[in-house]
Amino acid sequence: MQLPENIDEALLRSWRHEFHQHPETAFEEHRTSARVAEILRAAGLEVTTGLAETGVVAVLDGNLGPGRTIGLRADMDALDVTEANAVSHCSHTPGKMHACGHDGHTTMLLGAACMLARDPDFAGRVVFVFQPAEENEGGGRRMVEDGLFEQFPMEAIYGLHNWPGLALGEAAVHDEAVMAAFDVFTLTLSGHGCHAAMPHLGKDTILAACQLVTQLQGLISRETPAHKTAILSITQFHAGDAFNVMPEVVELRGTLRCFDPELRAHLQQRFHDAVDAMATFHGLKVEFDYQPRYPATLNTPGHAERCANVLAQLPGIQKVHRDLPPSMASEDFAYLLQECPGAYIWLGNGEDSASLHNPNYDFNDAATPIGVSYWTSLVRELLTRD
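Heads up: the sequence shown begins at 263 in my numbering, then just goes up one per residue.
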């Protein structure tokens, strides 16, 4: 493969549309990672594949001599969502689409890598990290476990996410908390089914589950300090098949989200306490599968400041927000930030953009050159010759 002479907006758009047409979900990004590796090799970068199964890592050394090493990361995976858009580049894979903009993230980092490879006017090394399985499956954790930072030592790592509702040409940078930690749980209550006309002959799982759903909110309203944030959501409630039968089993599922690690541990323990107490009172058996998932995404303040300064100097950026509240959504870039200092920023996808994970969402192609410019400018700012 030979790259065109100019890495222009038309080429970037064609790459993004190609990724959008061929969405692949967690650890199945074989076509995507192969295409990413092909483009990187054509640009002359040293490429490693297979980290976390479908991850791709590329290395570029500047021509101004030795210096610091930084990492830039993009996620590649899609979602199990059926696309509702009628665009020419809509998904070719039934039931899967790029509903979170990772096709755009991949394209922006690819464009930056290619442009920097043609003019590596910096001192030091850039590690380009194309990560699989950000959505729910912890691809960032897998890359850490597979030795990302041992194989590619770096002093800092940076990431970004497009942000619907934030105007095109605007960005947001948080000093510390950006995205919440999240846990998931499945709770099964087993009692004794009976005729609905004779509830005294059974052990009522519906009553217990309903009481638990409402009482669990006390963990948020009465045990979470007012200056901290947490959300507990019951998102599934499965029980019963007939009008006149009290079901023997109820299953509840949901999530718990917060930022503070100590609060997270406290709420998990108190959740267990509440479940045990309710089950004892109603005489029920309990199966409780509580799974801590992603940690909170926490920026290093100094690195966040550097990112904000770079963004403020870009011609394509009209405003850099420094005071937006963090999101209660989660992001597995958190695993990388636990191992290495750095920062994660939001880049506007447009005020009229459909929300993330919506079947009508589409990454805004006009944001691509802004993202490319941010990455290349960040490298040149951070890796100047001393």
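C-beta: ideal position from N, C-alpha, C; glycine also.
- In this structure, DSSP gives His583 an extended state, which the three-state scheme calls strand.
- In this structure Pro394 is not in contact with Asp342, their Cβ atoms being roughly 15 Å apart against a cut-off of 8 Å.
- By the 16-neighbour rule on beta-carbons within 10 angstroms, Arg380 is exposed.
- Check the Cα spacing between Asn506 and each of Ala492, Leu518, Ala459 and Glu513: the tightest is with Ala459.
- Distance from the Cα of Gly455 is smallest, within the candidate group Phe384, Leu546, Pro415 and Ala488, for Leu546.
- One thing to note: Leu525 has its Cβ no nearer than 8 Å to the Cβ of Leu410.
- When the beta-carbon positions are compared, Val511 and Thr450 come within less than 8 Å of each other.
- Contact between Gly604 and Met370 does not hold, since their C-beta atoms are separated by about 17 Å, which reaches or exceeds 8 Å.
- Of the candidates Val319, Leu422 and Asp408, the residue whose Cα lies closest to the Cα of Tyr636 is Leu422.
- Closest in alpha carbon position to Gln498, among Phe384, Ala471, Ser483 and Ile482, is Ala471.
- Inside the stretch 600-626, DSSP marks whole beta strand (DSSP E) runs of 3 or more residues at positions 604-610, from first to last along the chain.
- Excluding its 5 nearest sequence neighbours in each direction, Leu474 has C-beta neighbours in its own chain below 6 Å: Met540, listed in chain order.
- One alpha carbon belongs to Gln264, the other to Ala304, and they sit about 6 Å apart.
- Per DSSP, the beta bridge partners of Asn424 are Leu609.
- In this structure Ile332 touches Val388 by the C-beta definition: roughly 6 Å separates them, less than 8 Å.
- In the pairwise beta carbon analysis, the stretch 428-439 is classified as not touching the stretch 314-332: fewer than three pairs are separated by under 8 Å.
- Measuring C-alpha to C-alpha distances from Val391 to each of Thr287, Asp337 and Arg584 identifies Asp337 as the nearest.
- Assignment of Met263 by DSSP, reduced to helix, strand and coil, places it in the coil class.
- Annotation note: the stretch 285-316 contains the following uninterrupted beta strand (DSSP E) runs of length 3 or greater, listed N- to C-terminal: 308-313.
- A Cβ-Cβ contact shorter than 8 Å links Ile468 with Pro509.
- In this structure, Glu513 sits away from Thr562, with a CB-CB distance that is not shorter than 8 Å.
- Put simply, the backbone Cα of Gln477 is about 11 Å away from that of Leu494.
- Restricting attention to alpha helix (DSSP H) runs no shorter than 4 residues, the stretch 474-553 encloses them at 480-483 and 523-544, ordered along the chain.
- For the stretch 338-409, the continuous alpha helix (DSSP H) assignments of 4+ residues that do not extend past its boundaries occur at 364-380 and 401-407, in sequence order.
- Here DSSP, grouped into helix, strand and coil, assigns Thr450 to strand.
- Around the Cβ of His500, a 10 Å sphere holds fewer than 16 other Cβ atoms; the residue is exposed.
- Here DSSP, grouped into helix, strand and coil, assigns Phe444 to strand.
- Boundaries for Glu438: no alpha helix (DSSP H) harbours it, and the DSSP string shows neither H nor E there.
- The straight-line gap separating the alpha-carbon atoms of Phe533 and Asn571 is approximately 42 Å.
- Looking at the backbone, the Cα of Asn347 and that of Ala616 are separated by about 11 Å.
- Cα atoms of Ala385 and Leu372: separation of roughly 20 Å, rounded to the nearest angstrom.
- Assigned with DSSP and collapsed to three states, Gly564 falls in helix.
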